[in-house]
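Undergrad: So the sequence shown is residues 217 to 398, counted in our numbering.
Built from N, CA and C at the ideal position, the CB exists for glycine as well.
The model shown is predicted, which means the values in this text are computed figures rather than measured ones.
My structure is below; once you've seen it, I'll send some questions.
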Amino acid sequence: MRMSDSVAGHAERYLGRARPAVAGGRTLGVAIVLHDHATLSMVTALTDGMRTRSVASPLPLEFACSVRPGQEDEAARLVEMFADLTVRDGSEVEYDDGFLVEEPLVAETSIRGLLAAPHPYADEMFNLYRDAEGELRLQFVTLVPLTAAEGAYLRDHETGELFELWESAGTDLLDLHRSSAV
Numbered sequence: 217m218r219m220s221d222s223v224a225g226h227a228e229r230y231l232g233r234a235r236p237a238v239a240g241g242r243t244l245g246v247a248i249v250l251h252d253h254a255t256l257s258m259v260t261a262l263t264d265g266m267r268t269r270s271v272a273s274p275l276p277l278e279f280a281c282s283v284r285p286g287q288e289d290e291a292a293r294l295v296e297m298f299a300d301l302t303v304r305d306g307s308e309v310e311y312d313d314g315f316l317v318e319e320p321l322v323a324e325t326s327i328r329g330l331l332a333a334p335h336p337y338a339d340e341m342f343n344l345y346r347d348a349e350g351e352l353r354l355q356f357v358t359l360v361p362l363t364a365a366e367g368a369y370l371r372d373h374e375t376g377e378l379f380e381l382w383e384s385a386g387t388d389l390l391d392l393h394r395s396s397a398v
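The structure is reproduced here in structure tokens:
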């Protein structure tokens with residue numbers, strides 16, 4: 217299913233011009249669209265079609281993962297992986313949900329997990345889509361890559377505390393090759 221013109225316009229307003237992804241979406245029958253931000257050095261992989269899948273959430277969902285240019289294929293694989301796990305599990309996805317694994321999710325990086333959160337760089341209006349009548353119709357959930365140490369930190373701390381730590385450390389959450397802030 218292709219995004220309606222109004223939903224696609226919403227995504228482009230906050231994430232930038234859209235283009236098709238090279239990889240992603242094949243296993244679920246959903247598309248992965250890439251958005252090149254106009255002013256930030258940021259590319260976002262965004263699912264298109266998850267909202268039609270059976271996910272037990274209050275609003276239909278689409279998943280996003282924003283990275284530095286040149287890392288968009290990895291971001292597409294990350295959103296596809298999270299979407300696939302969500303559909304298979306059938307559970308509700310909310311902010312602060314996520315997962316950690318033993319091996320790197322992206323080769324030659326420290327990224328071991330994903331955290332569902334509001335988008336850390338886009339305007340907060342991106343996170344919820346309202347139709348022409350102002351009704352909430354769709355939620356965009358951003359998947360923020362985590363290192364193992366950051367995931368362990370979340371066992372004893374709130375998500376907001378991790379975001380504060382990232383901010384105080386000047387962590388570039390868009391860089392999949394970043395060091396852990398913990």
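Assess, as a yes-or-no matter, whether the stretch 299-306 is touched by the stretch 368-377 under the definition of 3 or more beta carbon pairs within less than 8 angstroms.
TA: Taking a cut-off of 8 angstroms for Cβ pairs, the stretch 368-377 and the stretch 299-306 do not touch, as fewer than three such pairs fall below it.
Undergrad: Contact between the stretch 352-367 and the stretch 267-280 is defined here as three or more beta-carbon pairs at a separation below 8 angstroms; is this criterion met?
TA: yes
Undergrad: Below 8 angstroms on the Cβ atoms is my guess for Leu193 versus Val223; work out the distance and round it to an integer in Å.
TA: Because the chain here runs from 217 to 398, residue 193 falls outside it and cannot be looked at.
Undergrad: Do you know offhand how far Val317's Cα is from Asp252's?
TA: 29 angstroms
Undergrad: For Val295, which of helix, strand or coil comes out of DSSP?
TA: helix
Undergrad: Buried or exposed: which applies to Pro361, given that a residue is buried once 16 or more other Cβ atoms fall within 10 Å of its Cβ?
TA: The residue in question, Pro361, is buried, as its Cβ has 16 or more Cβ neighbours within 10 Å.
Undergrad: What would DSSP say about Ser384, mapped onto helix, strand or coil?
TA: helix
Undergrad: Look up Gly232 in the DSSP assignment and give the residues it is bridged to.
TA: BP columns for Gly232 are empty, so no partner.
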